[in-house]
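Trainee: The structure that follows is given in the form of structure tokens.
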Amino acid sequence: MIPYGRQDIDGEDIAAVMEVLKSDWLTTGPAIERFEQQVASRCSVAHAAAVSNGTVALHLACRALDLGPGDMLWTSPNTFVASANCARYCGADVDFVDIDPRTYNLSVERLEEKLKKQKPPKVLVPVHFAGQACDMEAIAALAKRYGFAVIEDASHAIGATYKGEPVGNCRYSDITTLSFHPVKIVTTAEGGMTLTNRADLAGRLAILRTHGITRDPSRMDKGSEGPWYYEQVDLGYNYRITDIQAALGSSQLRRIDEFLARRRALAARYDTLLAGLPVTRPWQHADGVSAWHLYVVQVRGDRRSIFESLRAHGVGANVHYIPVHLQPYYRALGFKPGDFPAAEAYYAAAITLPLFPRMTDADQDRVVEALAQALRHE
Ligand SMILES: *Cc1c(COP(=O)(O)O)cnc(C)c1O
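Per this note's numbering, residue 6 is the first one in the sequence shown, and the count goes up by one each step.
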């Protein structure tokens, strides 16, 4: 089976992990700060805090922005459940903004309409779906006019650019979050990161990631009682990453441009190979360059039988995403089919084709042949 996504681990990655295993620090050592500095530099952002996964990065971002009971977070229905769950962890409510049928990202027009009719949320989470940046300049203008905070969920999008600048630079947001799950652009096995230019938020994020504890006398309530002394100044968590994972992340970053180049070449090749088939290829806005985490086509006809035929022919197709508001947990909160029709129509026809750096041209030819065959039987 050709998987839809897969990590690319080389000998240097393995050596980097082994090096940490032989060192004095397995966790909370020098490899973490090095990894954070490398990502911050890559994304042109002032502060980075590595954490145990992308989901907790979103949770900490919400906590740092004081999201709590009685507050509201809006996000896209076309995302992984974590983009919405982060609000629920804080006791806040969730609502969704329907998607743009071209980019499959949260629609700025729908957002503006909703803001005119309803109380603004405290936090908006635009998700850079498949690696293509949202229209952040327009979102930031609305955030300013209506007074809400913005967390960019860039789990798909490290390495993408928007208006010539790297996603993650937080020019248009308060915080950006990343995921380093194995199917994403670079991996630490499990891992994530928060990025921000705001020193106040960076301080809170760093403390919340490790139990709400500080050893910095300037952040203490009472002041230090001695070299052993620490204070818990907030209710935080153990959301730390290990040095083993951070070393893997640093090693992976050596090859991020190679990974991105291969993903972009494969996406361009899909565009060419699929041009004659009755599928809608992913439309790209001229404002950005995608990181191509996913290559999603829209099919006509019976999506399920096309999908099953792909799987039967050894193609590990997938579907991203089941609209979050249709998950039973969210239905129980009152959401129902028809609430976000663009996301639902998109979902009904979506198939994610395999795309990962080690995919060969021959693998890709097999995928296209299997898809052509599945569509012929429609
Ligand atoms: C992967 C992903 C997450 C969560 O990341 P984990 O590292 O798996 O916790 C959040 N949002 C989106 C859009 C994702 O794709």
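In this text, a Cβ means the ideal position worked out from N, Cα and C, and glycines have one as well.
Keep in mind the model is a prediction, meaning the values are calculated, not measured.
(1) Across which residues does DSSP place Q289 in a beta bridge pair?
(2) Restricting to Cα atoms, I'd like to know which of P125, F153, E157, Q123 is closest to C139.
(3) Straight-line CA distance for Y300 to H325?
(4) Checking the sheet assignment: what are the DSSP bridge partners for T80?
(5) Taking 8 Å as the threshold, find out whether the stretch 126-144 comes into contact with the stretch 162-170 through three or more Cβ pairs.
(6) Is A87 near ligand 1, judged by its Cβ being under 8 Å from some heavy atom?
(7) With 16 as the cutoff for other CB atoms within 10 Å, does E41 come out buried or exposed?
(8) Taking just the CA atoms, how far does Q378 sit from S314?
(9) Is L63 close to ligand 1? I mean its beta-carbon at under 8 Å from any heavy atom of the ligand.
(10) So H64 is in the alpha helix (DSSP H); what residue range does that whole segment cover?
(11) Report yes if the CB atom of Q12 is closer than 9 Å to the CB atom of V188, and no otherwise.
(12) Taking all protein chains shown into account, do 16 or more other C-beta atoms lie within 10 angstroms of the C-beta of S256, making it buried, or fewer, making it exposed?
(13) Leaving out the 5 sequence neighbours to the left and right, which residues in its chain are closer than 7 Å to G164 when beta-carbon positions are compared?
(14) On the three-state DSSP scale, how would you describe G152?
(15) Compute every distance between the C-beta of G10 and the non-hydrogen atoms of ligand 1, then say whether any falls below 8 Å.
(16) Is it true that the stretch 91-110 meets the stretch 57-70, where meeting means three or more beta-carbon pairs spaced less than 8 Å apart?
(17) Does the stretch 231-244 come close enough to the stretch 206-217 to have 3 or more Cβ pairs within less than 8 Å?
(18) Decide yes or no for the touch test of the stretch 25-42 against the stretch 113-120: beta carbon pairs closer than 8 Å, at least 3 of them.
(19) Taking Cβ positions, are S223 and H186 nearer each other than 9 Å?
Mentor: The structure says:
(1) Within the sequence shown, the letter at position 284 stands for residue 289. None, per the DSSP bridge assignment.
(2) Taking the first residue of the sequence shown as 1, we reach residue 139 at position 134. Taking only the C-alpha atoms, the option nearest C139 is E157.
(3) What you label residue 300 is simply residue 295 of the sequence shown in a count that begins at 1. What you label residue 325 is simply residue 320 of the sequence shown in a count that begins at 1. Cα to Cα, Y300 sits roughly 10 Å from H325.
(4) Position 75 of the sequence shown, counted from the start, is the residue given in the question as residue 80. F101, V130.
(5) yes
(6) Counted from its first residue, the sequence shown places residue 87 at position 82. Yes; taking the cut-off as 8 Å, the Cβ of A87 has a heavy atom of ligand 1 nearer than that.
(7) The residue you call residue 41 lines up with position 36 of the sequence shown. Under this definition E41 is a buried residue.
(8) On the sequence shown, position 309 is the one that residue 314 refers to. On the sequence shown, position 373 is the one that residue 378 refers to. When rounded, the distance between both Cα atoms is 8 Å.
(9) On the sequence shown, position 58 is the one that residue 63 refers to. Yes.
(10) In the sequence shown, residue 64 corresponds to position 59, counting from 1. Counting along the chain, the alpha helix (DSSP H) containing H64 begins and ends at 59-69.
(11) Residue mapping note: residue 12 aligns to position 7 of the sequence shown, counting from 1. Residue mapping note: residue 188 aligns to position 183 of the sequence shown, counting from 1. In contact: Q12 and V188 (Cβ atoms closer than 9 Å).
(12) Position 251 of the sequence shown, counted from the start, is the residue given in the question as residue 256. Answer is buried; the Cβ neighbour count reaches 16.
(13) Your numbering for residue 164 matches position 159 in the sequence shown. I190, I261, L265, A296.
(14) In the sequence shown, residue 152 corresponds to position 147, counting from 1. Coil, per DSSP.
(15) The residue you call residue 10 lines up with position 5 of the sequence shown. No, ligand 1 has no heavy atom inside 8 Å of this Cβ.
(16) yes
(17) yes
(18) no
(19) Locating residue 223 in the sequence shown gives position 218, counting from the first residue. Locating residue 186 in the sequence shown gives position 181, counting from the first residue. Going by C-beta atoms, S223 is not nearer than 9 Å to H186.
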